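Engineer:
2 protein chains.
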Amino acid sequence: MENRVEEMRKNLGLNQEAFARAIKVSRQTVSSIENGKYNPSLELAFVIADFFGKSIEEVFIHEKRKE
Amino acid sequence: MENRVEEMRKNLGLNQEAFARAIKVSRQTVSSIENGKYNPSLELAFVIADFFGKSIEEVFIHEKRKE
DNA sequence: TAAAAAAGTAAAGAGTTCTTTACTTTTATA
DNA sequence: TATAAAAGTAAAGAACTCTTTACTTTTTTA
Numbered sequence: 001m002e003n004r005v006e007e008m009r010k011n012l013g014l015n016q017e018a019f020a021r022a023i024k025v026s027r028q029t030v031s032s033i034e035n036g037k038y039n040p041s042l043e044l045a046f047v048i049a050d051f052f053g054k055s056i057e058e059v060f061i062h063e064k065r066k067e
Numbered sequence: 001m002e003n004r005v006e007e008m009r010k011n012l013g014l015n016q017e018a019f020a021r022a023i024k025v026s027r028q029t030v031s032s033i034e035n036g037k038y039n040p041s042l043e044l045a046f047v048i049a050d051f052f053g054k055s056i057e058e059v060f061i062h063e064k065r066k067e
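Note that the protein sequences, when read in sequence, are chains A and B. Mapping to this note's numbering: the first sequence position 34 is 34, numbers consecutive. Mapping to this note's numbering: the second sequence position 43 is 43, numbers consecutive.
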């Protein structure tokens, strides 16, 4: 799954540390999500989307693979 | 976090087993999510919402608590 | 280009999501 | 009401999410 977290974070002029503080996770969590190491939990996906004022679908791109 | 999975599943006339098969998880996973034992992963939330033809926000209700 | 700031990464550990197996309880129907 | 179908639940284990600590690499700026 792809996401636009880095792009949206940079649009707000925040570095990973400030963004991590704002959404109350570690900086490593932000880095891991931005780099696609893993997806956030649904809860964290909501927190991130809410922070950006976007829907989850606008931030996280679920490419539905067929077979 | 609340969700409307049970309601939407029943609207389609599916029991937990048929629904679980359709979204490729175990019946226990469906039961656990419907009963709020845990939230689905973001990936599974997308699969469920897609199955219902809804957005994640329409299926999963993230009540943002301000302490 | 040297120093500082920002970001990448790794490993160990805690907690969460999901599976399988199996049994119990509830709900629907003959 | 007896049986069948549907749903609840529990436990052990695998895989994933997130934390802390700590170090390395990349990018920015003085």
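Glycine included, each C-beta is placed from N, C-alpha and C at the ideal position. Source: prediction; values computed, not measured.
1. Check whether the segment 32-45 of chain B touches the segment 42-51 of chain A, taking contact to mean three or more Cβ pairs, one atom from each stretch, closer than 8 angstroms.
2. So is A:Phe19 in contact with chain B if we call contact Cβ pairs under 9 angstroms?
3. Report, in whole angstroms, the separation of the C-beta atoms of B:Asn3 and B:Val47, which I expect to be a contact under 8 angstroms.
4. Starting from A:Asn15, trace the alpha helix (DSSP H) both ways and give me its first and last residue.
5. How is the alpha helix (DSSP H) around A:Met8 delimited, first residue to last?
6. So is A:Met1 in contact with chain B if we call contact Cβ pairs under 9 angstroms?
7. Short of 9 angstroms Cβ to Cβ, which residues in the segment 42-66 of chain B face chain A?
8. Cα separation between A:Lys66 and A:Gly36?
9. Identify the contact partners of B:Asn11 in chain A, using a Cβ-Cβ distance below 7 angstroms as the criterion.
10. Is there a Cβ of chain B sitting closer than 9 angstroms to that of A:Asn35, yes or no?
11. For A:Ser41, list the residues DSSP reports as bridge partners.
12. Excluding the 5 residues flanking A:His62 on each side, which residues of the same chain have their C-beta closer than 7 angstroms to its C-beta?
13. With distances taken between CB atoms, is the gap from B:Ile56 to A:Glu7 smaller than 9 angstroms?
14. Can you grab the Cα-Cα spacing for the pair A:Phe52 / A:Ser32, in whole Å?
Structural biologist: So, to answer that:
1. Two segments are said to touch when three or more pairs of C-beta atoms, one from each, lie closer than 8 angstroms; by this definition the segment 32-45 of chain B touches the segment 42-51 of chain A.
2. With respect to chain B, the C-beta atom of A:Phe19 has no partner C-beta closer than 9 angstroms.
3. With a Cβ gap of about 13 angstroms, B:Asn3 and B:Val47 do not count as contacting.
4. Here A:Asn15 belongs to no alpha helix (DSSP H), and DSSP marks it neither H nor E.
5. Segment Val5 to Asn11, the alpha helix (DSSP H) holding A:Met8.
6. yes
7. Leu42, Glu43, Leu44, Ala45, Phe46, Val47, Ala49, Asp50, Ser55, Ile56, Glu57, Phe60, His62 and Lys64
8. Low per-residue confidence applies at A:Lys66: pLDDT is 46, beneath 50, and the placement is therefore not dependable, though the value from the model is reported in the following sentence. Distance between the alpha carbons of A:Lys66 and A:Gly36: 21 angstroms.
9. Under the 7 angstroms cutoff, chain A gives no residues; its nearest Cβ is about 22 angstroms from B:Asn11.
10. Not an interface residue.
11. B:Ser41
12. Around A:His62: Met1.
13. no
14. 18 angstroms
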